[in-house]
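Colleague:
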Amino acid sequence: MKRASQSRRAYTWATALTAATVLWSNAAWAADPFRTGADARSIGPNTQAAFETVFRQGNYQIASRRLDQALAIEPNEPMIYGMKAALAYINGELPQFSRFATQTREVAQRLVARDPLRGHLYTGVGYFMEAGYIITSQGLVVGTPQALPKLQQMFSEIEKAEKVNGNDPELNLIKGFMDLMIATNLPFANINDAVGRLQRSAPAYLSWRGVAVGYRDEKRLNEALDAVNRALQVAPENPELHYLKAQILVESDRYRDSLVSFRRALALRSQLPARLTRSIEREARRAQEKLDQQTPAVAPTPAVAPTPARATPVSPTLPR
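Given below as structure tokens:
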């Protein structure tokens, strides 16, 4: 159970780190779901395609190649380094994760002069990931005090971004994921604020996914299941959403139903990092074991004891 909790915490970190570093790219699509007119941002096609591939399709293999292309063409875009950091984290490549996290912050700091909102926002994201590296490498108990200065710098940068436009929907979505991650790992945080932000955000397959994670960790399982189903309505072929649904069903002791979602996730395993696939397989085996323990064994039919033969009475021998 402890290992499952650690695996879930790592998966939650991966989700939040990835989401927090790439959400603004969605605002650059032809029809910006966050901003309109002069407020809309534009990014390169490779970065845009990588976002769609990761979050709607859940295809990390193709996304990784597209990010490499984007990095070569758009080296001054901090979000690309953030996505590279998040993918390194998912793959368990901590040195690369640390390097790309720092590059995210450094490139974002250079962006502040041209775009203060996004510059401060992604400087905060960089500090957030650097704190994540400390906690991951040092452990929660030892790492948290060391990570707090980074988290304080992160909050400072986010506040600066909020002063530019506190109602910016992209800012609120990213902050919602950050708040979710902090609330999941640190005891003093309130998860309700994070869930509230995410419920007011978009795109739906990301916002509802975050809500589902928050409710799952709060053991509000019916609400978690409703949220992940809403996300699946928008992105039905995303294996990570099926994985998340399976986890929620396991927490609800619905092991048979969870195996259906585990199988759907594993049917798309070619899209996922090997480390994530192994986690899904391991949790699916545990769910099968739990189901086997739940199912009562069929008792063997008792053998019918043969009716004992009645002894033939022996007549006494009469004396002659």
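If you're matching positions, the sequence shown starts at 1 in the numbering used here and goes up one per residue. Even for Gly, the Cβ is constructed at its ideal location relative to N, Cα and C.
(1) In the structure shown, what three-state DSSP assignment does asparagine 323 receive?
(2) Could you give the distance in angstroms between the alpha-carbon of alanine 86 and the alpha-carbon of leucine 276?
(3) Given a cut-off of 9 Å, decide if tyrosine 133 and serine 156 are closer than it, judged by their beta-carbon atoms.
(4) Expressed to the nearest angstrom, what Euclidean distance is found between the alpha-carbon atoms of alanine 28 and leucine 241?
(5) Which first and last residues belong to the alpha helix (DSSP H) in which threonine 102 is found?
(6) Let me know if glutamate 283 comes out buried or exposed under the rule of 16 or more other beta-carbons within 10 Å of its beta-carbon.
(7) Among Gln57, Pro78, Arg220, Arg230, which has the Cα closest to the Cα of arginine 114?
(8) Can you tell me which of Val228, Ala204, Glu93 puts its alpha carbon nearest to the alpha carbon of glycine 214?
(9) Say whether the region 160-175 touches the region 137-144, bearing in mind that this needs 3 or more beta-carbon pairs closer than 8 Å, one atom from each stretch.
(10) For glutamate 93, I'd like the list of residues in its chain whose CB is within less than 7 Å of its CB, leaving aside the five on either flank, ordered along the chain.
(11) Got a sec, what are the start and stop residues for the alpha helix (DSSP H) arginine 200 sits in?
(12) Below 8 Å on the Cβ atoms is my guess for asparagine 46 versus isoleucine 73; work out the distance and round it to an integer in Å.
(13) Would you tell me roughly how many angstroms separate the C-alpha atoms of glutamine 323 and valine 250, rounded to the nearest one?
(14) Nearest-angstrom Cα distance between serine 201 and valine 234?
(15) Is proline 78 helix, strand or coil by DSSP?
(16) Indicate whether arginine 264 and leucine 291 have their beta-carbon atoms separated by less than 9 Å.
(17) Kindly indicate which three-state DSSP category threonine 123 falls into: helix, strand or coil?
(18) Alpha carbon to alpha carbon, how far is serine 261 from arginine 209? Give it in angstroms, no decimals.
(19) Given a threshold of 16 other Cβ atoms within 10 Å of its Cβ, counted over all protein chains shown, does serine 279 qualify as buried or as exposed?
(20) Aspartate 68 by DSSP, collapsed to three states: which one?
(21) For leucine 121, which residues in the same chain have their Cβ closer than 8 Å to its Cβ, ignoring the five residues on either side in sequence?
(22) How would you label lysine 84, buried or exposed, when you count the other beta carbons within 10 angstroms and need 16 or more for buried?
(23) In this structure, how does DSSP classify proline 273 when only helix, strand and coil are distinguished?
(24) Which first and last residues belong to the alpha helix (DSSP H) in which leucine 336 is found?
(25) For leucine 386, does the three-state DSSP call read helix, strand or coil?
(26) Is it buried or exposed, serine 270, if we count other Cβ atoms within 10 angstroms and call 16 or more buried?
(27) Taking the alpha helix (DSSP H) that glutamine 48 falls in, what are its first and last residues?
(28) According to DSSP, is arginine 216 part of a helix, a strand, or is it coil?
Modeller: Reading off the structure:
(1) Outside the displayed span of the chain (1 to 320) sits residue 323, for which this structure offers no information.
(2) 13 Å
(3) no
(4) Residue placement at alanine 28 cannot be trusted, given a pLDDT of 37 that sits under 50; what the coordinates show is reported in the next sentence. Whole-angstrom Cα-Cα distance: 24 Å.
(5) 94-111
(6) buried
(7) Pro78
(8) Val228
(9) no
(10) none
(11) Careful: arginine 200 lies outside any alpha helix (DSSP H) and carries neither H nor E.
(12) 6 Å
(13) Since the first residue shown for the chain is 1 and the last is 320, residue 323 is missing from the structure and cannot be characterised.
(14) 14 Å
(15) helix
(16) no
(17) helix
(18) 15 Å
(19) buried
(20) helix
(21) Trp24, Ala108, Glu157, Ile158, Ala161, Glu170, Leu171, Ile174
(22) buried
(23) coil
(24) No statement about residue 336 is possible, as the shown extent of the chain runs from 1 to 320 and does not include it.
(25) Given a span of 1 to 320 for the chain in the structure shown, any question on residue 386 remains unanswerable.
(26) exposed
(27) 45-52
(28) helix
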